[in-house]
Structure formats: C-alpha cells, structure tokens
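Read the structure below first, then the notes.
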Amino acid sequence: MNRLLFIIFLSFTLGANAQIFRPSQPIAPDESTLAIQYYQDGDYEKALVLLEKLYAIPNNDGYFDFYFNTLLKLKRYDVAEKAVKKEIKKNPQNDMYPIALGKLYQEKGDVQSANKIFTDVIAKLPKDEFKIRNLANNFYRFENYDFAIQTFKQGRKVLGNEQLFTFELLNIYRFKKDKPMLMQEYLDALATMPQLLPQAQAVLSSVFEDKNDYELFQGAILKKIQKEPDAEIYIQLLTWNYIQQQEFDMALRQLIAFDKRTKADGGTLFNAIYTFVDNGAYETAIKAYEYLLTKGKDNQYYLPSKIEMLNTRYNLRTNGKYTVAELDLLAKDYEALLAENGKNRNTLFAIKKLANLQAYYLNQPALAEKELEEAIKMPGVNDQEVGQLKLDLGDIYILTNEPWEAFLVYEQVSKQFEGQPIGNEARFRSAKLSFYQGNFEYSNGQCLVLKAATSQLIANDALNLSLLINDNIQTPADSNALKMYADAEMLLFRNLPERAIKKMDSIAIAYPQNSLTDAIMMSKARIWIKAGEFQKAADILKKVTDDFKDGIWTDDALFTLGDLYEKKLNDIAQAKIYFQKLITDYPGSMFSAEARKRFRNLRGDGV
C-alpha cells in the first residue's frame, strides 16, 4: 500500500469506524502507536503481536483493517478468514466485511469466488447515494479499484443520474493511469460542467506522454463535436488539444468553422486568439484577426481585432528576426490608426507602441521624444498614465544623449509616486542609469532603498544589481571589468544586441580574472530569448545552474528554464524538473511561489 493510500486508509479506519471503536479495556497509547508504526514500516510480524492483542479487546473493531491486512501480508489466510467471517456474522449490514472476504479470496488466488462476492454486493445497491459512496470507498480501501468504478457506474443507473460521482471516477481513473477512461469521463462531464475545462487541461497534459495520446483524445473530441456541433466547450477543448501539439493553424481552422457554422459574432474566436499569442503563434493570431475584420466595422470585435492585430504584428516583428522595412510598415499602420481615430486616451497604446518602434528600431528617437511629450499634455490622461509616459520619455532621453533630463524625469516620478510601484520603477531606472554611467556608488545606494519595495520584482532586481555591484568593485580591475559590463548593458538598452555581445566577450580578454561570467551568461540568454533562439538560451541557462549553484542569478536561471521548456520548447517533463529544483534548492527565492504554482499545474494537481 503506497503512502497516499495508507493515509486515506488510516483516516477512514480511525474516522468512519469511530462509532464502534470503544474499547472496554484501556489501551496503552504506546502499544497502539507502535502497532501502526510497525504496520506502516512493513514490519508485519511485530505489528501482528500487538494487533492481535488490541483486536482481541471487546468492542475494539476499529483495529480490524490493520489486523486483517497484516494477516494477508503474512499469508495467514485461515486466521484471516475466521476473523472476517466472525465480523460478517456480527455485522451483517456492513458491506465492508464481505469485501474484505473477497479480498482474502483474491489473495489466495480464488478470483472466481472473490468476484462473485463483489458482483453480488454491487447488484444489491440501494437507491441511497451515501451507501453507494460508502460501498465504493470500501472497495477503494481494499485496493479493488475496478469494482469501485463498477459501484459508481451502477450507482448512476440505480439513481438515474449520469452526472453523479464524476469527481470520484476522475480520481480513480487518474490514479490507475487509465487514460482512455479519464478522457471519456472529462468529455462526458464537460457538457454540463464546463467549469472543469482548466482542470481537464491541467490533468490531461500531466498524464499524456506523447503525440499518440493527444491524437487519441482528438478523435474522441471530434466524435463529441459530431453529436453536439454547437457545443462551444468541445471546440475550446479541441483548440487546446491542437495547441498542445503546436498545430496552431488546425486550431484556428476549427474555430473559424465553428464561428461560421453557428453564425456567431466572433467572441469565441477573439478570446481564443490570446492563447495563440501566449504561445508565440503570432502568424496564426494575425490570420485570426484578419478573419474577424471581414465581419465588417459594425461587428463589436472589429476595432479590438484591428488593435490587437497591430499589437501582435508588433510582437512578431520585435521578437526574432526582422527587417527595418517591415518595422517601417508597422509604424505606418500605427500612424494610420492614429490618423483615423485621433490621438487621445483611447489610442494611447498606439502612441506608445509607435514611439517604441521609432526609438529602438527605426533610429528615430527624436520623433519618439516628440510623440511622448505631446501625449503627456493630452487631456483626459490620468496621473498614473502620465507617470508611465514620463518614464518612457526618460528612457528615450538616454537614447538622445540627454542623461541629465532622464535623471530629472525619473526623480520627478519617483517623488510624485513615493512608495508606489510606479515610483519604485522610476527609482530603479535612475539606479540603472547611474550604473550605465559607471556611478556605482549612487546606483547601489538607490538599490539598497528599493530592497524594501512592496513590488517583489523590483525588490529582486534591485537586490541583484546591488549584489552585482558589491561583488565587483573590490579592486580597480574589478571595477573596470564592471564598467565594461555596464557599457554592454547600455548597448542592450539601446537595442544593439550584436554590439553588446562583442563588448561582453571582450571583458574576459581584458580582465581574465573577472567574476562577471554568470551575469554575462544571463545577459546572453536574454538576448537569445528575445531573438527566438530558445534552445541556445536554454543551453546557456543550464550552464549557469550547473556552474554557479551559489550565484545571484541561479534561481532566475532555473525559473527561466522552466518557463522556456513549458511555453517555448514544449517539454513539460523538463519544465517540471527545473521548477521543482528551484522549489527544493532555493525556497527563499522570489520565484519560488510562482514556480510551485506552475509545477502543481503541470503535474495536474487541479483534481
């Protein structure tokens, strides 16, 4: 009996049988505890000596399970049979004892006699939900899972309700790793319980082992869709199933077919597109938005689709490989949107995206500066939005070689929003600017203040920057190496990754004894992630986790590895390994809570 089953078994025995567990003679607490400990440890000979004594006490039937199972473990079948038949005679209404007798026959190899007992008990099921559950639980206690399943299924027939016992059956199928029945039970349940969809996705992804499982499930879903073509829940499930296999265009095809068949307004498709974007399937997402635009301007999803299509194209063009010509066309699309809808609070997102393209990709920082300065003065923009615009403007001042202006803007926002997330962000950007300039002392001072920030992400970034500075200013050579690294980070800030990598590679040549190796590796990994070279990034991050177990970046590297394998490299097994390593080896990391949540979700703990 594994540990989980033992806990269930123990709690049921000492809980459900509490009403008959009234010993007429006092029991030494140490004897009871010791007996159960021996049992749990598998030391059955020693357990039996104490259990025989405890079970012999009148009205002490609560020890029956332990006593009986110990006899089975020791193959003392005659003694076990005598004990169980005695209990059947004493408690003819309690179906636990016939099941125990059947279990005994199973252990002896008399499967026919055992099955006859089990089927007779199930055939006599009353129209009582509680008694049906109790019988199934008794089968479960004696590890007769198939008969527990039969009990629940027969219970559905007796009570005339096919929706009963869904969660119990899901648990048993999952425990048995019976994938076909687990799939079918979810499919049957989802029609009336669509809220189970996230749980179904989490559990099935945790038990499916390869593409064959997904293809088998796909066939089962399609059969459901044939019977219920207008059931949206099955389209959502099929979409998810295709996405798990990275078959994004197939998922889109199903969604469009459903939208046309049901003459829908596009809502189901619009909501599903976010999943494509989250998985980096930008081209598929763009096709989906283009389809929605064909519904015309009167459709409620027309303008949102136009906006999101632009944003998706922005993500596509600014991640991975791109050309200036492509980005220039994208900028013109944003300009057209602004010309059509005006520059106002509702189009603020487009102004910011356009400014970002101009500043970091099209070498037009002066135009970006003008866009943001005008946006700050627009009527209707609230204080938080103005604060964020100022932070973006401060970043562009750095690009236009106006660091003092950037510093003033950061300080202004920091003071206006003291202690708030946007204020902490402004202070951190000021610290980064000082770092780029080689003013390590001031940068470190700002970071020390931010270590107490309410935003855990800012606090962690500030702590890492502070540790980086402190670890690398001990000698003039260290400081000079750190200055070169700061120059490389500045190049990254200006979106010049190739020049940044060259600068980083030159540090080891100029200062062979520097201690910046792990920081440089993390920077390179981020460059490869942005470029869409996920396997290259993973290879670097693995080296960080292997070679720098006590480094300041190791927990970051582990979390990033888990995230890459889950979302980009489609390897759930590897994702779980890295999330679990982070949880186990770095429990104090700020990433630990999120890693634990992600690990449990991948393991399918939703049931």
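With mature numbering (1 follows the signal peptide of the UniProt record, and there is no 0) applied, the sequence shown corresponds to residues -18 to -1, 1 to 589, in that order. Each residue gets a CB set at the ideal place from its N, CA and C atoms; glycine is no exception.
Got a sec? Which residues, its chain only, sit under 6 Å from Gly201 by beta carbon, not counting five neighbours each side?
-> Excluding positions up to five away in sequence, the list is empty.
Decide if Pro80 is buried, meaning its Cβ has at least 16 other Cβ atoms within 10 Å, or exposed.
-> It counts as buried.
Report buried or exposed for Ala492, applying the criterion of at least 16 other Cβ atoms within 10 angstroms of its Cβ.
-> By the neighbour-count rule (16 or more Cβ atoms within 10 Å), Ala492 is not buried but exposed.
Looking at Ala470 and Ala482, is the spacing between their C-beta atoms short of 9 Å?
-> In this structure, Ala482 lies near Ala470, with their beta-carbon atoms less than 9 Å apart.
When you compare only the Cα positions, how much space is there between Ala307 and Pro286?
-> A direct Cα-to-Cα measurement between Ala307 and Pro286 gives close to 25 Å.
Cα-Cα separation between Phe258 and Phe199, rounded to whole angstroms = So the alpha carbons of these two residues sit roughly 20 Å apart.
Close Cβ partners of Lys512 (< 7 Å) along its chain, the five nearest in sequence each way excluded | The answer, listed in chain order, is Asn301.
With 16 other CB atoms within 10 Å as the buried threshold, where does Gly248 fall?
-> Buried, since its Cβ has 16 or more Cβ neighbours within 10 Å.
From Ile255 to Lys206, what distance separates their C-alpha atoms?
-> Using only the alpha carbons, I get a separation of about 23 Å.
Give the DSSP-derived three-state secondary structure of Ser437 in the structure shown.
-> In the structure shown, the three-state DSSP call for Ser437 is coil.
For Lys232, name the three-state secondary structure that DSSP assigns.
-> Reading the sequence as shown, one finds Met at residue 232 and not Lys. Of the three classes helix, strand and coil, the one that applies to Met232 here is helix, per DSSP.
If we count Cβ pairs, one from each stretch, closer than 8 Å, do we get three or more for the region 420 to 437 versus the region 372 to 388?
-> The count of Cβ pairs closer than 8 Å, one atom from the region 420 to 437 and one from the region 372 to 388, stays below three, leaving the stretches out of contact.
Measure the C-alpha to C-alpha separation of Leu146 and Lys106 and round it to an integer number of angstroms.
-> Near 18 Å, if we compare the C-alpha coordinates of Lys106 and Leu146.
Buried/exposed call for Ser488, threshold 16 Cβ in 10 Å | Ser488 is exposed by the Cβ-count criterion.
Beta carbon of Leu186, beta carbon of Met165: below 9 Å?
-> Cβ atoms of Leu186 and Met165: closer than 9 Å.
On the three-state DSSP scale, how would you describe Tyr296?
-> Helix, per DSSP.
Classify Thr542 as buried or exposed, calling it buried when 16 or more other Cβ atoms lie within 10 Å of its own Cβ.
-> Label assigned to Thr542: buried.
Please check the pair Ile215 and Pro176, which I expect to be a contact at CB under 8 Å, by giving their CB distance rounded to whole angstroms.
-> Cβ atoms of Ile215 and Pro176 come within 8 Å of each other, at about 5 Å.
Run of the alpha helix (DSSP H) containing Tyr467, from where it starts to where it stops = Taken as a continuous stretch (DSSP letters only), the alpha helix (DSSP H) holding Tyr467 covers 458 to 475.
Leaving out five residues on either side along the sequence, give the residues of the same chain with a beta carbon under 7 Å from the beta carbon of Glu355.
-> Counting only Cβ-Cβ distances below 7 Å, and skipping sequence neighbours, we find Leu375.
Taking Asn194 as part of the alpha helix (DSSP H), name the residues at either end of that continuous run.
-> In the DSSP annotation of this structure, the continuous segment of the alpha helix (DSSP H) that includes Asn194 starts and ends at 193 to 209.
Locate the alpha helix (DSSP H) running through Lys64, then write down its first and last residues.
-> DSSP places Lys64 in the uninterrupted alpha helix (DSSP H) bounded by 59 to 72.
Taking all protein chains shown into account, decide if Asn41 is buried (16 or more other Cβ within 10 angstroms of its Cβ) or exposed.
-> With fewer than 16 other Cβ atoms within 10 Å, it is exposed.
The alpha helix (DSSP H) enclosing Lys485, as first and last residue numbers | For Lys485, the enclosing alpha helix (DSSP H) has its first and last residue at 479 to 492.
How is Arg578 classed by DSSP in three states: helix, strand or coil?
-> Look at Arg578 here: in three-state DSSP terms it is helix.
Whole-number beta carbon distance between Ile559 and Leu584, since they are thought to touch under 8 Å = With 8 Å as the limit, Leu584 and Ile559 do not qualify as a contact, their Cβ atoms being about 10 Å apart.
Assigned exposure category for Asp231 - 16 Cβ within 10 Å defines buried = Under this definition Asp231 is an exposed residue.
Cβ neighbour criterion (16 or more within 10 Å) applied to Gly262 | Burial check for Gly262: the Cβ neighbour count within 10 Å reaches 16 or more, so the residue is buried.
If we count Cβ pairs, one from each stretch, closer than 8 Å, do we get three or more for the region 327 to 334 versus the region 360 to 367?
-> A contact exists between the region 327 to 334 and the region 360 to 367.
Check whether the Cβ atoms of Asp567 and Leu540 lie closer than 9 Å to each other.
-> The beta carbons of Asp567 and Leu540 sit closer together than 9 Å.
Straight-line CA distance for Asn323 to Asp377?
-> C-alpha separation (whole angstroms): 27 Å.
Could you give the DSSP three-state label for Ile511: helix, strand or coil?
-> Helix, per DSSP.
Rounded separation between Leu219 and Gln94 - CA only | Those two C-alpha atoms are separated by around 42 Å.
Span of the alpha helix (DSSP H), counted from its first residue to its last, around Arg327 | Element bounds for Arg327: n/a, residue is neither H nor E.
Through-space distance from Met78 to Ile114, alpha-carbon basis = If you take the alpha carbons of Ile114 and Met78, they lie about 12 Å apart.
Candidates Ala501, Ala463, Asn496, Arg508: closest to Leu478 by CA position | The residue with the shortest Cα to Cα distance from Leu478 is Arg508.
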